[in-house]
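Student:
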Amino acid sequence: MKAQIWKSRGSKEFPRKFVPKEVDLGDWERIEPLFKNLLERDLETKKQIEKWLKDLSELEACLDEEGSRRYILMTCNTTDEELEKAYLHFITEVEPKLKPYSDKLNRKYLESPARKKLDPERYLVYDRDIENDVKLFREENVPLQTEDDKLRQQYQKLCGSLTVQFDGEERTMPQMRKYLEVTDRSIRKDAWTKTSEQYLTHKDEFDTIYDKQIELRDQIAKNAGFPNYRDYIHLAKSRFDYTPEDCYAFHAAVEELIVPINRKLAQRRKENLGVDILRPWDLQVDEKGRDPLRPFETGPELEEGVHKMFSNIDPELAEQFALMRNNSLLDLESRKGKAPGGYQCGLEEVRYPFIFMNAAGTDSDVFTLLHEGGHAFHSFACREDPMTTYRNPRWNSPRWPR
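In structure tokens form, the structure reads like this:
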């Protein structure tokens with residue numbers, strides 16, 4: 008059963024009814040007729056618009072999964088030129104062409120007289136999202152967003168290539184984290200210094216990517232009528248329940264109430280460690296001198312331990328996590344060439360989650376997997392919903408291009 012989901016396309020549980028089974032979802036000439044079909048339909052009755060929404064959601068799910076598969080494979084191995092080529096093809100040849108169609112479909116939905124016949128409570132959130140999409144969309148931003156996506160991929164590839172020689176082996180940046188927890192201060196300092204030096208060696212490359220992204224994102228925001236990218240992306244991420252001003256108020260509260268506590272904790276740490284000055288390499292070690300926690304050594308050990316934790320919480324969670332383990336829906340260990348960070352990404356057609364992370368044997372890795380597992384369980388909980396929007400909240404998706 009291992010890797011079954013990766014070897015197959017489509018879903019027996021949720022079979023396609025609109026998108027052809029054998030269509031190449033990386034070939035725009037095969038995809039475009041599906042968008043045209045949706046654009047040309049009448050949406051006069053409740054039955055018509057409900058069928059239209061189901062077909063649109065199916066198309067979105069198929070394309071989302073196609074892009075997600077390419078994204079996952081690319082981030083799991085940024086050194087593979089074919090995987091990189093496949094991902095770049097999708098974000099440069101497919102997504103830029105589907106975005107204008109997505110906007111036209113959004114407008115068609117909003118203008119449909121049959122929309123008033125839908126259950127207002129069921130479609131409240133969907134309507135709000137679509138109205139927001141229309142408000143933000145600018146065709147001149149499509150090529151800018153593509154360039155931004157390409158720069159993000161360059162950043163991931165650069166980070167994935169970084170290693171240092173330490174403790175007799177070539178190690179990735181995530182693998183170096185555990186050395187910041189050892190009780191020997193000289194080892195911690197050496198680990199932090201060598202890691203920092205590796206990043207500094209590529210400073211100009213990182214700065215170039217960052218500067219280009221700032222320029223692009225600033226222009227994207229201005230094209231959409233916003234004074235800055237912060238205000239634009241706040242709405243683009245569907246953050247309707249609080250404002251940037253609320254964030255400032257929260258920051259002020261943290262500065263007033265939390266920062267003084269952290270300063271006291273830092274002073275206590277300095278005293279317990281017996282150092283004159285608290286350095287960056289002193290922040291992860293146990294301040295009482297206890298050996299660092301090493302709950303696992305390998306990815307399978309991490310999987311097994313977390314599976315036991317979920318089993319003790321709820322059998323259903325354990326069953327869902329076991330499904331992910333048995334179907335190669337976990338890629339946990341750090342290795343050379345792997346993109347940085349961690350994420351949970353939905354495979355929207357088969358309606359299963361995938362978890363990506365860079366575990367290196369630390370206690371914090373366990374919490375990372377528990378965190379991403381929470382997102383995965385959300386995916387399982389809502390996989391029966393026929394609408395893609397309600398299965399995958401936008402703040403949790405690295406991909407869908409609206």
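So the number in this note's numbering is just where the residue sits in the sequence shown, counting from 1, plus 7.
For every residue, glycine included, the Cβ atom is placed at its ideal position computed from N, Cα and C.
Treat the numbers as computed from the prediction; the structure is a model and nothing was measured.
1) For T170, which of K106, E146, T202 has the nearest alpha-carbon?
2) On a Cα-Cα basis, can you pick out the residue from M364, A367, Q327 that is closest to A388?
3) Have a look at E294, D211, L143 and flag the residue whose alpha-carbon is nearest the alpha-carbon of K229.
4) Kindly provide the ranges of any beta strand (DSSP E) runs that are 3 or more residues long and lie completely inside the segment 315-379, ordered along the chain.
5) Would the segment 98-117 and the segment 131-149 be scored as touching if the rule is three or more Cβ pairs under 8 angstroms?
6) Given this structure, state the Cα-to-Cα distance separating T395 from G353, to the nearest angstrom.
7) Could you check if G306 is buried or exposed, using at least 16 other CB atoms within 10 Å of its CB as the buried criterion?
8) Which same chain residues, not among the five before or five after R16, have their C-beta less than 7 angstroms away from its C-beta?
9) Taking just the CA atoms, how far does E262 sit from A256?
10) Would you kindly check if the distance between the Cβ of Y239 and the Cβ of D225 is under 7 angstroms?
11) What number of angstroms, rounded off, separates the C-alpha of E154 from the C-alpha of L223?
12) If we ignore side chains and look at the alpha-carbon of each, how far apart do Q55 and K14 end up?
13) Reducing DSSP to helix, strand and coil, say where F21 ends up.
14) For L151 and I227, what's the separation of their Cα atoms in angstroms?
15) Just curious, the alpha helix (DSSP H) that E176 is in, first and last residue?
16) Does the Cβ of L272 have 16 or more other Cβ atoms within 10 Å, making it buried, or fewer, making it exposed?
17) Bridge partners for F173 per DSSP, in chain order?
18) Looking at E204 and V292, is the spacing between their C-beta atoms short of 7 angstroms?
19) Apart from the five residues on each side of it in sequence, which residues of its chain come closer than 8 angstroms, Cβ to Cβ, to M8?
20) Taking the runs of the alpha helix (DSSP H) that are 4 residues or longer, which of them lie wholly in the segment 234-296?
21) Are the beta-carbon atoms of K24 and T179 separated by less than 7 angstroms?
22) A231 by DSSP, collapsed to three states: which one?
23) Using a Cβ-Cβ cutoff of less than 6 angstroms, which residues in the same chain neighbour D62 once the five nearest sequence positions on both sides are dropped?
24) Hey, M364 and L339: beta-carbon distance below 7 angstroms or not?
25) With N269 and K295 assumed to form a contact (beta carbons below 8 angstroms), what rounded beta-carbon distance in angstroms separates them?
26) To test your reading of the DSSP string, which unbroken alpha helix (DSSP H) runs of 4 or more residues are found completely within the segment 13-72?
27) Within this structure, are the beta carbons of A121 and K58 separated by less than 7 angstroms?
Tutor: Taking the geometry as given:
1) T202
2) Q327
3) L143
4) 337-340, 350-354, 359-366
5) yes
6) 10 angstroms
7) buried
8) none
9) 10 angstroms
10) no
11) 8 angstroms
12) 35 angstroms
13) coil
14) 7 angstroms
15) Per DSSP, E176 belongs to no alpha helix (DSSP H); it is in the beta strand (DSSP E), 176-179.
16) exposed
17) E176
18) no
19) Model confidence at M8 stands at a pLDDT of 33, short of 50, so the residue's coordinates are unreliable and nothing is read from them.
20) 236-243, 251-260, 266-280
21) no
22) coil
23) F25
24) yes
25) In fact, because the Cβ distance is near 18 angstroms, the residues do not count as touching under 8 angstroms.
26) 35-47
27) no
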